[in-house]
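Shown next, in structure tokens, is the structure this report addresses.
Number of protein chains: 2
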Amino acid sequence: MVKIKDIADKANVSIATVSNVINNRGRVGEETRKKILKIIDEVNYQPNEIAKSLKLNKTNDIGVIVEDISVFNAPEIINGIHAAAEEKGLSILLTNMGLFKKNGNQYPEISKCKELALPLFNQLVSNQVEGIIYIGIHSRDITGLIPDSKIPIVYTYCYTKNENDYSVNYDDEGASYQITKYLINKGHTQIGLISGLINSVSSYARFQGYQKALSEQMLMFNPQFVKTGDWQYESGYRMTQDLLNQENIPTAIIAMNDLMAAGAIQAIKDNGRQVPNDIAVVGFDNRELSSYISPRLTTMSLPLEEMGKKAMEILDQIRNKYPVNQKKYRLGCQLVERDSVYSLE
Amino acid sequence: MVKIKDIADKANVSIATVSNVINNRGRVGEETRKKILKIIDEVNYQPNEIAKSLKLNKTNDIGVIVEDISVFNAPEIINGIHAAAEEKGLSILLTNMGLFKKNGNQYPEISKCKELALPLFNQLVSNQVEGIIYIGIHSRDITGLIPDSKIPIVYTYCYTKNENDYSVNYDDEGASYQITKYLINKGHTQIGLISGLINSVSSYARFQGYQKALSEQMLMFNPQFVKTGDWQYESGYRMTQDLLNQENIPTAIIAMNDLMAAGAIQAIKDNGRQVPNDIAVVGFDNRELSSYISPRLTTMSLPLEEMGKKAMEILDQIRNKYPVNQKKYRLGCQLVERDSVYSLE
DNA sequence: CTGAAAGCGCTTACAG
DNA sequence: CTGAAAGCGCTTACAG
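Line by line, the protein sequences are chains A and B.
Going by full-length UniProt numbering, the first sequence opens with residue 1, and the numbers climb by one from there.
Going by full-length UniProt numbering, the second sequence opens with residue 1, and the numbers climb by one from there.
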């Protein structure tokens with residue numbers, strides 16, 4: 001690798017002068033500047049960022065810890081982080097816990113997670129990253145997972161109970177409210193809900209949004225219309241069967257994710273009914289499959305890329321000691337209309 | 001951050017001695033060793049990797065350039081890279097071209113790609129990575145995209161014409177041969193093929209595999225059975241309609257990816273026929289949607305994670321100047337049987 | 001306008 | 001067994 005000394009020798013100047021022209025500081029004569037610039041160009045000199053980092057005590061690296069890069073939310077969030085980082089001249093040190101795979105597709109206990117996260121955290125610290133973004137696999141509480149330290153950290157797709165921690169998530173309740181309202185506007189008054197696991201804050205918040213939309217429109221809340229699934233296709237299928245076997249059958253079903261929505265659609269078809277004509281189905285997440293099942297699924301799109309961007313921007317502000325007016329962020333979701341909802345009016 | 005000097009002061013020894021105990025080199029008295037170790041533990045000392053890197057001229061960082069992290073193949077490949085890197089104590093500097101998004105979901109020309117890749121490449125070089133893995137979006141020739149340099153680089157999910165370059169891909173022809181043979185073994189003799197774009201080497205190789213299996217089994221190759229799509233759902237749908245409108249209708253259809261297979265299934269259903277009872281459909285890629293469409297799609301699973309691992313292992317060998325016996329690798333695909341194929345026997 | 005020198009946090013011959 | 005010193009490639013007061 002060619003270094004600053006090589007340039008200096010070639011130009012018959014000191015390394016200080018070369019450094020000055022590279023960084024546009026100090027007074028340098030126009031002649032020498034040109035000469036040096038020419039040489040730099042000729043030899044395609046690339047400054048050694050490692051040396052700069054050591055000297056300036058500033059790496060321009062930020063670390064990301066992702067709980068599992070194979071899970072659908074990770075790539076888009078990383079995409080957003082990368083886009084924002086690029087703008088700020090920051091590099092990304094990527095680290096993956098592989099939580100799902102290492103634990104038979106089950107979400108491990110917090111203590112197990114800690115074991116997996118700690119070495120990655122230390123690795124990042126050793127590499128002198130200027131901040132860390134932690135990407136969760138679920139919107140869940142991970143208080144205490146990452147040890148306290150002076151290094152700035154922002155959590156996304158998860159959160160902590162610590163009021164000093166930064167986190168960026170999406171607005172579960174608002175999204176659920178929005179999609180319920182959408183169904184109501186389409187004339188639906190009997191709306192089934194297939195929730196995720198009940199120990200999930202997302203399930204809870206989305207239930208709240210559902211109820212809020214109902215009561216705002218003076219619609220009766222019917223407890224028989226809400227069934228609890230486990231986020232998987234099969235549970236969507238089964239819970240929909242339950243819904244279909246009741247006296248009152250909903251005209252629309254909200255599944256709290258696309259997988260369960262796909263199961264719901266299949267159950268409805270197997271029951272001899274049509275989607276959307278007999279029963280509308282709506283999902284959550286806007287995963288790839290939602291465009292390819294039949295009918296194409298109307299669903300809520302998560303602001304994944306935006307979450308990544310936002311997390312990076314906040315991190316950059318903390319890093320630069322800008323005042324950050326807010327610690328917990330919730331970004332809005334967007335409805336994507338496809339073919340699984342029929343208007344009753 | 002606590003540094004080696006702080007430890008030395010606390011222990012009343014020189015920094016050289018501290019360094020020696022940290023790295024287990026040189027003779028150090030048992031007493032002093034213990035004392036130093038204790039202090040290191042107490043203050044939770046983490047060595048500054050940046051300083052080590054500069055001194056040792058060795059960063060233990062490897063760079064990855066991914067053409068688009070939002071594309072389905074990227075996360076699993078990165079997963080594999082990360083797993084192998086972790087074993088070797090390497091960190092990953094991740095870089096994303098965002099090729100698709102920046103170009104309206106079209107694959108840009110090679111010169112445009114170059115423009116996007118070069119700054120990322122330089123960034124990685126500046127950061128003194130010890131090698132680079134380049135992850136393509138398609139199995140395609142990207143000769144000349146990355147400038148020549150002494151830094152080791154291995155290409156995956158793409159390749160170059162340069163015989164000195166390393167690349168790891170999967171075995172298109174073998175996979176296609178395998179799945180065709182599978183269909184034949186199930187009693188199918190009239191097998192349709194919906195290919196991807198014809199300028200793709202994957203399309204060509206898969207066509208070869210298809211033909212090879214046919215001729216090995218003394219089956220007539222019927223040119224009317226092969227249709228050219230463009231990898232998208234819609235084209236799978238249309239090409240299947242064409243197939244269905246011909247005199248001879250195949251009893252099985254191979255689509256060269258899952259998206260087109262999904263389109264094929266829908267076309268068959270809309271035509272009033274059943275999958276798999278009337279016509280079997282088989283895909284390629286094993287993307288998420290293949291588990292959730294109806295019927296669940298039998299498809300070829302790509303060895304994505306293995307490709308990432310392999311790429312990392314090769315890179316590590318080059319980096320360590322091990323003799324690498326081979327430059328171009330092709331990993332095998334695996335058939336995943338689900339519900340879209342019916343046995344005729 | 002230009003350069004000599006110190007120093008970032010480490011490692012490593014070498015001397016004692 | 002232990003430590004003083006040089007040096008990795010840079011930047012930055014400071015002196016001239």
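Beta carbons are placed, not taken as given, at the ideal position from N, Cα and C, and that holds for glycine.
Quick one: what's got a C-beta closer than 6 Å to residue i's C-beta in the same chain, skipping five residues either side?
{"i": "A/G63", "result": "L93, L124, V129 and I132"}
{"i": "A/I36", "result": "A11, V18 and V21"}
{"i": "B/I191", "result": "L183, P250 and A252"}
{"i": "A/G136", "result": "E67, Y157 and C158"}
{"i": "B/Y210", "result": "S176, T180 and L193"}
Mapping DSSP to helix, strand and coil, what is residue i?
{"i": "B/G263", "result": "helix"}
{"i": "B/Y233", "result": "helix"}
{"i": "A/S167", "result": "strand"}
{"i": "A/D141", "result": "strand"}
{"i": "A/Q284", "result": "Gln is not the amino acid found at residue 284 of chain A; the sequence shown has Phe there. Strand, per DSSP."}
{"i": "B/L331", "result": "strand"}
{"i": "A/S301", "result": "strand"}
{"i": "A/A73", "result": "Note on residue identity: the sequence assigns Asn, not Ala, to residue 73 of chain A. Correct three-state label for A/N73: helix."}
{"i": "A/K161", "result": "coil"}
{"i": "A/K269", "result": "helix"}
{"i": "A/N79", "result": "helix"}
{"i": "B/V28", "result": "coil"}
{"i": "A/S176", "result": "helix"}
{"i": "B/V64", "result": "strand"}
{"i": "B/N96", "result": "strand"}
{"i": "A/T156", "result": "strand"}
{"i": "A/S343", "result": "coil"}
{"i": "A/I249", "result": "coil"}
Taking 7 Å as the limit between beta carbons, can you name the residues of its chain near residue i, skipping five residues before and five after?
{"i": "residue 365 of chain B", "result": "The question about residue 365 of chain B has no answer here: the residues shown for chain B are numbered 1 through 345."}
{"i": "A/G26", "result": "N20"}
{"i": "A/Q46", "result": "none"}
{"i": "B/L259", "result": "W231, Q232, Y233 and G236"}
{"i": "B/N271", "result": "L244"}
{"i": "B/Q217", "result": "I184"}
{"i": "A/V201", "result": "S139 and R140"}
Would you mind telling me which residues of chain A sit closer than 8 Å to residue i, beta carbon to beta carbon, in chain order?
{"i": "B/R287", "result": "E288"}
{"i": "residue 347 of chain B", "result": "Since the first and last residues shown for chain B are 1 and 345, residue 347 of chain B lies out of range."}
{"i": "B/I92", "result": "L93, L94 and T95"}
{"i": "B/L259", "result": "Y292"}
For residue i, which residues in chain B fall below 9 Å Cβ to Cβ?
{"i": "A/I293", "result": "A262, L289, Y292, I293 and S294"}
{"i": "A/Y134", "result": "By Cβ distance, chain B contributes nothing, its closest Cβ being about 15 Å from A/Y134, past 9 Å."}
I think residue i touches residue j, with their Cβ atoms under 8 Å apart; what is that distance to the nearest whole Å?
{"i": "B/Q241", "j": "B/A267", "result": "5 Å"}
{"i": "residue 365 of chain A", "j": "A/K327", "result": "Lying outside 1 to 345, the shown extent of chain A, residue 365 of chain A is not represented and no answer is given."}
{"i": "A/S340", "j": "A/R296", "result": "7 Å"}
{"i": "A/P75", "j": "B/S70", "result": "6 Å"}
{"i": "A/S139", "j": "A/N169", "result": "6 Å"}
{"i": "B/G196", "j": "B/M256", "result": "5 Å"}
{"i": "A/I198", "j": "A/M300", "result": "So it is not a contact: roughly 20 Å between Cβ atoms."}
At a CB-CB cut-off below 7 Å, which residues of chain B make contact with residue i?
{"i": "A/V96", "result": "Position check: residue 96 of chain A holds Asn in this sequence, whereas Val was assumed. In chain order: N79 and H82."}
{"i": "A/Q266", "result": "S294"}
Mind listing the chain A neighbours of residue i? Cutoff is C-beta to C-beta under 7 Å, in chain order.
{"i": "B/Q334", "result": "Chain A residues near B/Q334: none, gap ~17 Å exceeds 7 Å."}
{"i": "B/Q106", "result": "In chain order: nothing, as chain A lies at least about 18 Å away."}
Note down, in chain order, each residue of its chain lying with its Cβ closer than 8 Å to the Cβ of residue i, except the 5 sequence neighbours on either side.
{"i": "B/N277", "result": "Y342"}
{"i": "B/N103", "result": "K112"}
{"i": "B/I318", "result": "G131, P152, V154, Y166 and V324"}
{"i": "B/K5", "result": "I15"}
{"i": "B/N345", "result": "Going by the sequence as given, residue 345 of chain B is Glu instead of Asn. Closer than 8 Å at the Cβ level, and outside the excluded window around B/E345, lie K186 and G187."}
{"i": "B/N222", "result": "Q190 and N248"}
Select from the stretch 27–59 of chain A all residues with a C-beta closer than 8 Å to any C-beta belonging to chain B, and list them in chain order. Legend: CB atoms of the stretch 27–59 of chain A lying less than 8 Å from CB atoms of chain B belong to residues Q46, P47, N48, E49, I50, A51, S53, L54 and T59.
At a CB distance below 7 Å, what residues from the stretch 57–81 of chain B approach chain A? Give them in sequence order. T59, I69, S70, A74, P75, E76, I78 and N79
Of the residues that make up the stretch 116–148 of chain A, which ones have a beta carbon closer than 7 Å to any beta carbon in chain B? N122, Q123, V125, S126, N127 and Q128
Check distances from the C-beta atoms of the stretch 206–238 of chain B to those of chain A and list, in chain order, the residues that come in under 9 Å. Residues passing the 9 Å Cβ filter: Y233.
Residues of the stretch 153–184 of chain A whose Cβ lies closer than 7 Å to any Cβ of chain B, in chain order: none
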